[in-house]
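See below for the structure under consideration.
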């Protein structure tokens, strides 16, 4: 139970990828012009992190060490493509406003970093929880930034 709590606290606050590690800043700053865009990209990133961590952790014993990073990138790209198709099918307006930033999740340091640092070393359940926690921590940071950016523009006429 303590390990589960540690994974959640690390992902949401102590090791927050956006606030502490300063990873994924390009999409964080570019897409957070509104809270809706921030929430959409954050939830997409959370889903990608959760599914890729789960998949990579499940396949970690069969992945040769010499080619693990290209395999991780292929897994991440597959999951991102599926998430992009889901957003296109069920939230087309969000798909249009996020544009190129959805496919760029593949190269996001947060996703590749968590695959290498956590999912390649831990079991599937903890890895999925880590991906979810890290993703929700990044989503919270994006949402707060998007909310304050939008409201700042409304409150202050420049």
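Residue numbers (our numbering): -8 to 149.
Using N, Cα and C, we set each Cβ at its ideal position, and we do this for glycine too.
As the structure is a computational prediction, the values presented were derived from the model and not from experiment.
I need the DSSP call for residue i, collapsed to helix, strand or coil.
i: residue 93; result: coil
i: residue -8; result: coil
i: residue 9; result: coil
i: residue 119; result: helix
i: residue 132; result: helix
i: residue 106; result: helix
Is the beta carbon of residue i sitting closer than 8 Å to the one on residue j?
i: residue 134; j: residue 26; result: yes
i: residue 102; j: residue 67; result: yes
i: residue 114; j: residue 41; result: no
i: residue 96; j: residue 36; result: yes
i: residue 71; j: residue 94; result: yes
i: residue 34; j: residue 130; result: yes
i: residue 22; j: residue 32; result: yes
i: residue 9; j: residue 132; result: yes
Count the other C-beta atoms from every protein chain shown that fall within 10 angstroms of the C-beta of residue i, then say buried if there are 16 or more, exposed otherwise.
i: residue 118; result: buried
i: residue 127; result: buried
i: residue 91; result: exposed
i: residue -7; result: exposed
i: residue 89; result: buried
i: residue -5; result: exposed
i: residue 11; result: exposed
i: residue 73; result: exposed
Using CA coordinates, which residue listed in the options is at the minimum distance from residue i?
i: residue 44; options: -4, 21 and 69; result: 69
i: residue 29; options: 18, 38 and 47; result: 18
i: residue 13; options: 49, 75, 89 and 99; result: 99
i: residue -3; options: 138, 137 and 125; result: 125
i: residue 60; options: 105, 3, 0 and 84; result: 105
i: residue 107; options: 4, 50 and 3; result: 50
* Fully enclosed by the segment 18 to 79, which alpha helix (DSSP H) runs are 4 residues long or longer? -> Those alpha helix (DSSP H) runs which fall completely within the segment 18 to 79 and span 4+ residues are 26 to 50.
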